[in-house]
Structure formats: structure tokens, C-alpha cells
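Here the structure is laid out as C-alpha cells; the discussion comes afterwards.
Number of protein chains: 2
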Amino acid sequence: MAQKQENLSKNQKIVLDYIEKANQPLKAYSILFNVQKKGLKAPPQVYRALDKLIEMGKIHKIESRNSYIACQNSSCQLEKATAFSICESCDKVTEISNHSLSKYLSNIKDKNGMKFNRYNLEFFGLCKKCKV
Amino acid sequence: MAQKQENLSKNQKIVLDYIEKANQPLKAYSILFNVQKKGLKAPPQVYRALDKLIEMGKIHKIESRNSYIACQNSSCQLEKATAFSICESCDKVTEISNHSLSKYLSNIKDKNGMKFNRYNLEFFGLCKKCKV
DNA sequence: ATAATAGTGTTATAGTATAACATTGTCATA
DNA sequence: TATGACAATGTTATACTATAACACTATTAT
């Protein structure tokens, strides 16, 4: 294997470092602008790193926002299942790691009996600060 | 009120009709191309109709696919909470309406005690047909 | 050494969505 | 019935998000 999880490539490291420092979801192009000084000049370089980091479970994509956030969990390499709370006012995102939730969801079937190997759950509301 | 739910505007009707006939998620630009013969010529006309239809609960956006599907439910006008199963092979999408699921999720809190007024849940897997 | 796979750099382009502004339609009520 | 408030429309331009395609380099297992 040319790539182990502990051994990120140069661009993957640069992108992950930047996302981890942010502690909030970041847009791909804002990542791009901020890592240009490190040599990543074009969108594909960023998107490729993002894709790999997602595969590895190091980061997650917040689908409803087209943004990317560092994993705040330890189990994501295994689970491939994600849940987030999103404040509709300040955009703060928190990853939810709730074992009984993931257990509950992993047993859900749709009406055709389809079973799942992955899910993404996004909750929306107002965080404590924004709730007046 | 200039707009009741039963009384859609011209563009909203055209877009909803088209989506309901499809029985599958549609992309905004594919909707646009297909309703051009009905007079909707530019993206904002379609996106505005989509936004209103989503507000009304008539359609939902599949966030992970940037596509739009007619509501397969009756309760969505009230709930604002959605769940879907998505086949990763054939892209078939089924809306999940499971009362105990929505009850369970509506009681979830994140670690900061944030409560929610809406969620979107997308399950991924292989549908029966695609599972060999 | 070398083949297989992963990663990089680059240009161009595809795909998704909104800003902004002028105009028209609808309807409650004054 | 006119008028004010709001919703919807039509239009052009542009912003934002993401991938195709191709040439090249790096890493590693055998």
C-alpha cells in the first residue's frame, strides 16, 4: 500500500492541518486561498486532498453547507456514519457521537427492506448562544 | 396572504408537476431544460420555485446529490424533518417515513444541550435490485 | 529493477446557485 | 375602487462548487 493512514501525503497534511486549526467548517475555496502560500495553487489539489481525507475519516463534509470539518471523534475511521448539529444562526457545527444513536440508526430499514452501510445526519436549530 | 399552499403560482406549478412526474431526484438544470418550453428560461426562475416548494414541504432537496425529489409523504408540511435511503449504485431514492424514527430523533440533543427544529438524514447503501 | 499504485501540477471547463434590478400580479382593507 | 404590501416574474450577469483530462513524479512491494 502506498498510503497508510498515519502517513499522509504532503498536500493531504497541509489541508488537514489547516482544517484542524479552524475548528469550524471551511469551504473548499477558502482552504485553497489559505494554502496557496504552501504551494497548492489549483482547485483539484485541494479537492483531491479533501476526498482522501474524507475516505480516511479524518474530515467530514457538511453536505448542506458544502463545507468541510475535522473529525471531532475517534471512531470515524471505522463507522463511516456521521451526525452533526448545525446552528442556523451562527453556523457553528458540532459533531454528535452518540453510541445509542448510531446503534439505533444502523438498524433502520427503508420500506423496501434496504439496509445501509453509511448515513449522514444533519440537525438544524439554534445553539445556546444564539437562542436569545 | 398572496400565496396559499393549495394555490401555487404558475412557475411553482410547472416545476412541481415536472418533479412529481419524475418519481426520482432531479437536478435543477435538468428541470430548467425541461421546462423551457413552458416559458421558464433562466436558473433563478427554477431555483425560486424550488425554494418555495421546499418551504411548503412539497419537495425535498437531497443534499448529498444536489437534487430535488417530490415529497412521498403527507406529513412533511408540518415536520420539516426528512429521511431518505439512497442507493449508491442506481441512485434510487426512497423517502423514509417512520414515526418512531422521527420521534427518536426529535429527542436527541448534542453535547452542548442544543435542541433541534429540523433534521435531514440520508442513508446510503445498495437497494434490493443492486445488491446482486 | 520494475511494475503497480498513489500523488502532484496544470489548464480548462462543467455544474450549481445567487445577486441585483426592473416589472407585474394578487389581495386585504381602507 | 384605489392603494399599499407583499409575492412572484423576467432578465442579465456573475459567483461559487467541483471535476475532466493529461503529463509527470514518488513510493513501495516483489
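Keeping their order, the protein sequence lines are chains E and W. Every number in our numbering is 1049 more than the matching position in the first sequence, counting from 1. Every number in our numbering is 1049 more than the matching position in the second sequence, counting from 1. Idealized CB from N, CA, C, for every residue including glycine.
- [ ] Look up CYS1139/W in the DSSP assignment and give the residues it is bridged to.
- [x] Note: CYS1139/W sits in no beta bridge, so no partner.
Task: DSSP three-state assignment for MET1050/E, whether helix, strand or coil - done: Legend: pLDDT at MET1050/E = 31, less than 50; position of this residue unreliable, no value from coordinates given.
Task: Beta-carbon neighbours of LEU1170/W, restricted to chain E and to distances below 7 Å - done: TYR1168 and LEU1170
TODO: Ignoring anything shorter than 4 residues or poking outside the segment 1071 to 1096 of chain W, list the alpha helix (DSSP H) runs there in chain order.
DONE: 1077 to 1084
TODO: Could you tell me which chain E residues have their CB closer than 7 Å to the CB of ILE1108/W, listed as they occur along the chain?
DONE: By Cβ distance, chain E contributes nothing, its closest Cβ being about 16 Å from ILE1108/W, past 7 Å.
TODO: Taking all protein chains shown into account, decide if ASN1115/W is buried (16 or more other Cβ within 10 angstroms of its Cβ) or exposed.
DONE: exposed
- [ ] Report yes or no: is there a C-beta of chain W within less than 8 Å of the C-beta of MET1105/E?
- [x] Answer no: the Cβ-Cβ gap between MET1105/E and chain W never drops below 8 Å.
TODO: Give a yes or no on whether the C-beta atoms belonging to GLU1171/E and ASN1169/W are separated by under 8 Å.
DONE: yes
Open item on the list: Which of the three DSSP states is assigned to SER1149/E in this structure?
Closed with: The three-state reading of DSSP puts SER1149/E in helix, counting H, G and I together.
Task: For ILE1118/E and GLN1085/E, believed in contact at Cβ under 8 Å, the rounded distance - done: Going by Cβ atoms, the distance from GLN1085/E to ILE1118/E rounds to 21 Å, so no, they are not a contact pair.
Open item on the list: List, in chain order, every chain E residue whose beta-carbon is nearer than 8 Å to that of THR1131/W.
Closed with: Ordered by position in chain E, no residue passes the 8 Å Cβ test against THR1131/W, which lies about 10 Å from the chain.
- [ ] Would you mind sorting ALA1130/E into buried or exposed? The rule is 16 or more other CB atoms within 10 Å of its CB.
- [x] Under this definition ALA1130/E is a buried residue.
Task: With 16 other Cβ atoms within 10 Å as the buried cut-off, status of PHE1191/E - done: The structure shown does not extend to residue 1191/E, since chain E is modelled only from 1050 through 1181, so no value can be given for it.
Task: Collapsed DSSP secondary structure at SER1058/E in the structure displayed - done: Of the three classes helix, strand and coil, the one that applies to SER1058/E here is coil, per DSSP.
- [ ] Flag this pair as touching only if the segment 1073 to 1083 of chain E and the segment 1133 to 1143 of chain E have three or more C-beta atom pairs under 8 Å; answer yes or no.
- [x] At 8 Å Cβ cutoff, the stretches touch.
TODO: Compare the Cα-Cα distances from GLN1121/W to each of SER1138/W, ALA1098/W and GLU1069/W and report the closest residue.
DONE: Comparing Cα-Cα distances from GLN1121/W to each of SER1138/W, ALA1098/W and GLU1069/W, the minimum goes to GLU1069/W.
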